[in-house]
Structures are given as C-alpha cells and as structure tokens.
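Below: the structure, in structure tokens.
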RNA sequence: GGCCUGAUGGCGGAGUGGUUACGCACCGGACUGCAAAUCCGUGCACCCGGGUUCGAUUCCCGGUCAGGCCUCCA
C-alpha cells in the first residue's frame, strides 16, 4: 500500500506522491520561543517526527528535507526581554535550547534545518518587495499589507468565503487596510523594539511572512508537505498560502499536502496558555522518561483530540514496560531475518500515520516474539527484527531493556541493590522465607521491585523519582 | 452569527455494509514459597430519530451533545 495522507485542502486522504522522490520536502511550523512550551506544543513535534522517519524509510535518509522553523521575532518575546532587561537573543536562545532539549528527550530526530526569522530577514524583505511590485501588497502608514483581493483562492484552505469572514469578524479593522481581511507583512517597530531596515521604513515582519520566506529559502516552492496544529489553518496557513502563490515564483501550488494535528485536551477543553490548564513538557520530563510521554502523545490518531491525563501516562508506562520486558527476555536472540513482514506491519502508518493501530501491531509482534522465545521457535529472530524495525519508525524501543528498567538507579544504588539481592538469594536457597521477604521489603522501600525468574532474580526501578 | 470536527464497552482507542482491533481495569483459572511477569478463558460498546439495503455501528438526511476556528495559539 502506498502512503496516504489526509490533506486539509482536499479534505480527504490522498496517495502521497512527492514532486521529486529524491528530494522530499516537509515544513512544520515551530514554536515562538518566549517561554517553555507545554506538552500540547510537542504533539506536532512528535507526530511529524514519525512522518519524517517514515518518509526517510520510504525515500532514503538523504532524500528527505525537513525544516521546522523558530519564531524569534514577536511581541511576547519583546515583552519578556523588556521585563528581564535583556536583549531578545538572551530570551530566544534560552528557550530555544530548552525546546530542542525537550524535543530530543521526546525522541524527535533533529530536523534537517531549523530556520529562524531573525536569520531570514533578507529573504523576508525581498519577498515583500516582490509582492508590492506585482500589486499583491501595498504600503500604508509605515506598514505593508497583503491585498487579499489579489488572490481569488483566498479562503480555500480553511473553507471560509471572504465575505462570511468579514460578517463574522469580531476584531476592529485598522483604518489603513484597503480590505478588512488584509493582513500585515511589515510593520513599524515601537521605540525600544528590535528593528530592521526595509524600503518601507524601519520595522519588523508580520507573523505569516517569515514562514513563506523560510520555505522559499530553505526548501523551494512548492513543497510536498506543510504541517502544523489545526489552529494554524486560519489565518496563518491561509495567509502563508496566499503570499506564497502571489509572490511570482510561478507555481499555483504552495504545498501539495496540508497536514494538521488535533489538540491536546485537559478535561473537555483545549490545553492552552490563556486558559492556564497547561502541563509543561519540561516538567513532565523530570517525572518520567520521554519515551513514556511520546507513547502517550501517539496514543490517539494525530487528527483526533487527545485527552491528556495521568492515567494516559500510566498506561503508556505500562505498555512500554511490557514491550521492554519482552525484549529483555529476548535479549539473547539476535535480530535478523528477511524483514519481509515489515512492509505489512508498516501499513497502519502508511494509512495516514495511524499510530494507535501501529502500536497494536507492535504489541502483537511482542506477544508473538515472547511466545517464540518461550518455545525456542526459529522465527524469534525475525520477529525481533520486525519489532525493532517497526518501533524505530515510531521512535520507540531503542533503549537497552536493562537500562529502561534500571536507568533510574545510580551506581551506588545499583551496587547496594545487587548486594541485597545476593543476600536474598542466599536466604531463598536456605528456604529462609522470612529473611527473603524482609529483604524484599527493604528493596521495596528503595523503590525497587524484584522479579524471580528461572535465570535468577532481576530487578527494576518501580517509578522514577 | 459563520465555518469545521467528533460522538464506539468501566476507561483509553482503532476499524468495518454482514463473524466488532488492541491496551488498561475487572472476573475465573494455570504457574508462583511470597511477589512480579507470563499463559488460558469469561463478561462488557458502536448518541437519538428517520432513510437506502436482504442486512447499518459503518452510507444518506435530520436532531442532540461536546469540542475547535473566526483574536496570539500546536
């Protein structure tokens, strides 16, 4: 089965056909770096990481170019920098580093490129220049505005006819706009704010233009895949599309496939900073492995809303414990074989990145592998290969099982645990059950669980501190 | 007000025009000094009304409910 992706523009799943299979391009809207991102902000990071991995598998590692931008020019950044009395770089560098660290902890591969607005300023100014030149944009009172009347398809992506939007608009229209839907490409900076030179006066770019400029600079138009959160469909992506098509590069298509992920919910509501119901990824990562959080994030199909609960995390932990347990029991099996099963196993992911179905396939493989190991069946090797290969496409199970279970223990603790287990073994050999149980209790107090097996006792840290 | 999603067992969550994945939880059993893990097995659902059909949870229409976007937003 070929890869199928749900395209927001078509409102349907379509077979994925890249313009150039030797250079597959994907762009995903990234964060504005003015504070720590909440876990909902990382859903697209993880989802599109899976797609990135899948595309690399299908087209080759070198053939996929994935750009994820960083917005480092913004009112909220300015406010934060002013509040702290530091240059904006101090704020953006700090939170970008935290963001990238958190993304890595969640198992996301680094994108091929991570362009920043401040480093794309020439391309932004040049692009605005082209838009003004061909009357797709006009200067007014130190601003430059995009002329939505110049683009007949405006509203097509989000399914919003222009007139209806105006009728329903709840925002005051700036007096210098020719049309209420026109949006800012360039605006003057207020005193004390960062400033760049332009033919229309000193100022800074509007929100939407940076993405179009970065795409043109990093990837070239049209791109294959443009991704982001569902809330970006309007106005951000609608506006990007309008600019991108109108700037005269000669393509009527800006992105071949538009992919949008659904939200994380806290209770019934969207997790959002303004509602104050957020969980920071940075904090969550202190409490459990990134892989657990990643599992929870991929536990629902990416276009569905996902309820973020403690129980979801506990279940994710449970699932991964199970899988790593199987791998631990299969540690003496060397992965190998034809890998012929994998194409079948990949099917859920090829069907619009159906991660819950792929996770079920992972568990099925694990159960089969466990049985094969138990029976000493010859297909254990191929099953292990398939399990690890499918898991890799989803960014799971790449840790050593022993590290997974014991990773929370430092050397001193590990030595002490080994000592206690040896003592307990001695007691068990002597059938001194009271002593053995006493030692178990002592280990339990250390947050350690002992598991007696045919090859001796093994242990694991029960919960990460 | 306009536009757009979704509604599946106790919970999470796929999928399907006709035997309804999977996980967690629960219950029974095997195994186990204890415990964990594992294995076997039972039970449990497709929002409401109408239509199409031999047959609908699945397709169509209407309704109800929930959520999202229209303003910064993953």
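In the numbering used here, the protein residues as written are 2 to 466.
A virtual CB, placed ideally from N, CA and C, is assigned to each residue, including glycine.
Predicted model only: the values in this text are computed from it and were never measured.
Item: Selection from 125, 243, 234 and 81 that minimises the alpha carbon distance to residue 200; Value: 125
Item: Simplified DSSP state of residue 408, which is helix, strand or coil; Value: coil
Item: Anticipated Cβ contact below 8 Å, residue 371 with residue 343, distance rounded; Value: No, residue 371 and residue 343 are not in contact; Cβ-Cβ is about 19 Å, not under 8 Å.
Item: Proximity to residue 283 [Cα-Cα], best of 105, 4, 85 and 9; Value: 105
Item: For residue 364 and residue 330, the rounded distance between their alpha carbons; Value: 15 Å
Item: Beta-carbon proximity list for residue 40, same chain, < 8 Å, skipping 5 on both sides; Value: 265, 272, 279, 280, 281, 282, 285, 294, 298 and 309
Item: Contact check, residue 110 vs residue 351, beta carbons under 8 Å; Value: no
Item: As assigned by DSSP and simplified to three states, the class of residue 187; Value: strand
Item: Neighbourhood of residue 169 by C-beta distance below 7 Å, restricted to the same chain and skipping five residues each side; Value: With a pLDDT of 47 at residue 169, under the threshold of 50, the predicted position of this residue should be treated as unreliable, and no value is reported.
Item: Cut-off 7 Å between Cβ atoms - residues of its own chain near residue 321, not counting five sequence neighbours on either side; Value: 292, 293 and 296
Item: Environment of residue 179 [buried if 16+ CB atoms lie within 10 Å]; Value: exposed
Item: DSSP three-state assignment for residue 192, whether helix, strand or coil; Value: coil
Item: Three-pair Cβ contact test at 8 Å for the region 61-77 versus the region 255-265; Value: no
Item: Given residue 115 as reference, the closest of 108, 22, 128 and 101 once Cα atoms are compared; Value: 101
Item: Beta-carbon contacts of residue 10 that lie in its chain and below 6 Å, excluding the five residues immediately before and after; Value: 158 and 259
Item: Cα-Cα separation between residue 408 and residue 250, rounded to whole angstroms; Value: 52 Å
Item: Assigned exposure category for residue 438 - 16 Cβ within 10 Å defines buried; Value: exposed
Item: Separation of residue 25 from residue 254, as counted between CA atoms; Value: 15 Å
Item: Nearest-angstrom Cβ-Cβ length linking residue 227 and residue 28, presumed shorter than 8 Å; Value: 5 Å
Item: Distance between residue 208 and residue 185 (C-alpha atoms, nearest Å); Value: 8 Å
Item: Buried versus exposed, by CB contacts within 10 Å (16 or more), residue 348; Value: exposed
Item: Length of the line joining the Cα atoms of residue 276 and residue 15; Value: 36 Å
Item: Paired residues, beta bridge with residue 266 - DSSP; Value: 271 and 308
Item: Residue 423 versus residue 446 - alpha carbon distance; Value: 17 Å
Item: Inter-stretch contact at 8 Å, needing at least 3 Cβ pairs: the region 299-319 / the region 132-139; Value: no
Item: Where residue 152 falls: helix, strand or coil (DSSP); Value: coil
Item: Distance, residue 346 Cα to residue 143 Cα; Value: 57 Å
Item: 3 or more residues per run - each beta strand (DSSP E) lying fully within the region 76-134; Value: none
Item: CA nearest to the CA of residue 139, picked from 113, 177 and 153; Value: 177
Item: Residue 466 (DSSP reduced to helix, strand or coil); Value: For residue 466, the predicted model reports a pLDDT of 40, less than 50, meaning its position is unreliable and no value from the coordinates is stated.
Item: N- and C-terminal bounds of the alpha helix (DSSP H) containing residue 218; Value: 210-219
Item: Counted within 10 angstroms of its Cβ, other Cβ atoms place residue 12 as buried (16 or more) or exposed; Value: exposed
Item: DSSP-derived helix/strand/coil call for residue 295; Value: helix
Item: Alpha helix (DSSP H) segment containing residue 245, residue limits; Value: 239-247
Item: Limits of the beta strand (DSSP E) - the one that residue 144 falls within; Value: 144-147
Item: Span separating the alpha-carbon of residue 337 from that of residue 404; Value: 22 Å
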